Amino acid sequence: MQNENSQGCFIAVVGPSGAGKDTIMDAAREALKDDDRFHFARRIITRPQMAGTEDHDTLNEDEFAQAVAEGAFALHWQAHGLNYALPRSIDEEIAKGAIMIANVSRRVLDEIRANYPCRSVVMITARSDVLAKRLAARGRETAQDIAARLAREVRFDDDASDVVTIDNSGDVSFAIEAFLQHLRRFKA
C-alpha cells in the first residue's frame, strides 16, 4: 500500500476466474456506498450483457479498436478472447482524490505501477479445487475448458510490496471483511 500524497489511489483487484472477485467487490460497493471517497470502475468489454456476468459497458470489436485509437481508455487488455478496458475518466477521479477500485488483468500491473504512484494490488484467490467447482457451477465452460483456464495461470510478483493476498476458499464473509479492512486504510 502506498499513499504518497492526497491524490487518490488505484486499487487493482486481480485473481483467477472463480476466485470471487465480483462477489467481494459487489459486497464492498454496497458497504461503502455512502462513502464518496470510494469509486468502483465500470469495465468496458467486447461481450454482450449476459445473465450471471458482471454489469459492464459493451463495445463491439470495431468500436473498441476505435476507442483505443482515440485514447479513450486509461487501461486496456485482452483475456479469454475478449477485449477489456477502463475508461479514461478514472484518471480524472483519481486526480480529484478518489480511491478507484477496479477488476483488472495481471497483464496490466506493470502499466498500473508505472502510472499510479498511489496504488495497491489485491490478489483474490482460492484453492484450485474451489476454483474448478465455482467455474463448473457457472455452466459456461466444459470440464476441459476449465482445466485449460486453470492451467493458464498468469504469474506475477505476488511478493511485491504493493500486493495484498486474500484467500476466498472458505466463507466469503471473511474475504469481504479482509477486503473492506484493506480499503479503509486508504485516506484520500
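Just so we're aligned, residue 1 is where the sequence shown starts under the UniProt record's numbering, counting upward by one.
Ideal placement from N, C-alpha and C gives every residue a C-beta, glycine not left out.
Note that the structure is a prediction, hence the values are computed from the model and not measured.
contact_flag[the stretch 111 to 118, the stretch 78 to 89] where n(CB pairs < 8 Å) is 3 or more: No: the two stretches stay apart, fewer than three of their Cβ pairs being nearer than 8 Å.
Gln78 - DSSP class collapsed to helix/strand/coil: For this step, residue 78 is matched to residue 78 along the sequence shown. In the three-state DSSP reduction, Gln78 falls in the strand class (E or B).
As assigned by DSSP and simplified to three states, the class of Thr23: Numbered from its first residue, the sequence shown carries residue 23 at position 23. Reduced to three states, the DSSP call for Thr23 is helix.
Nonlocal neighbours in the same chain, by C-beta distance under 7 Å from Asn60, ignoring five residues either side: Mapped onto the sequence shown, residue 60 falls at position 60. Result list for Asn60: Thr46, in chain order.
Cα-Cα separation between Met25 and Ile176, rounded to whole angstroms: Taking the sequence shown and counting its residues from 1, one reaches residue 25 at position 25. Taking the sequence shown and counting its residues from 1, one reaches residue 176 at position 176. Each residue's alpha carbon lies about 8 Å from the other.
Status (buried if at least 16 other CB within 10 Å, exposed otherwise) for Ala12: For the purposes of this step, residue 12 is identified with residue 12 of the sequence shown, where counting begins at 1. That one is buried.
C-beta atoms of His76 and Ala85 nearer than 9 Å: Here residue 76 corresponds to residue number 76 of the sequence shown, with the count starting at 1. Here residue 85 corresponds to residue number 85 of the sequence shown, with the count starting at 1. Taking 9 Å as the Cβ cut-off, His76 and Ala85 qualify as a contacting pair.
DSSP state of Arg119 mapped onto helix, strand, coil: Locating residue 119 in the sequence shown gives position 119, where the first residue counts as 1. Collapsing the DSSP output to three states places Arg119 in a strand.
Integer Cβ distance of Ile146 from Ala160, believed to fall under 8 Å: As a first step, residue 146 is located in the sequence shown; it is residue number 146 there, counting from the start. As a first step, residue 160 is located in the sequence shown; it is residue number 160 there, counting from the start. Not really, about 29 Å apart at Cβ, beyond 8 Å.
Ser105: CB within 8 Å of a non-hydrogen atom of the ligand MN: The ligand MN is absent from the structure shown, which contains no ligand whatsoever.
Extent of the continuous alpha helix (DSSP H) run through Ala67: Stepping through the sequence shown from its first residue, residue 67 is reached at position 67. 61 to 69 is the span of the alpha helix (DSSP H), which, as asked, contains Ala67.
Ala126 versus Ser17 - alpha carbon distance: Looking up residue 126 in the sequence shown gives position 126. Looking up residue 17 in the sequence shown gives position 17. Those two C-alpha atoms are separated by around 10 Å.
Simplified DSSP state of Val14, which is helix, strand or coil: Reading the sequence shown from its first residue, position 14 is the one you call residue 14. Correct three-state label for Val14: strand.
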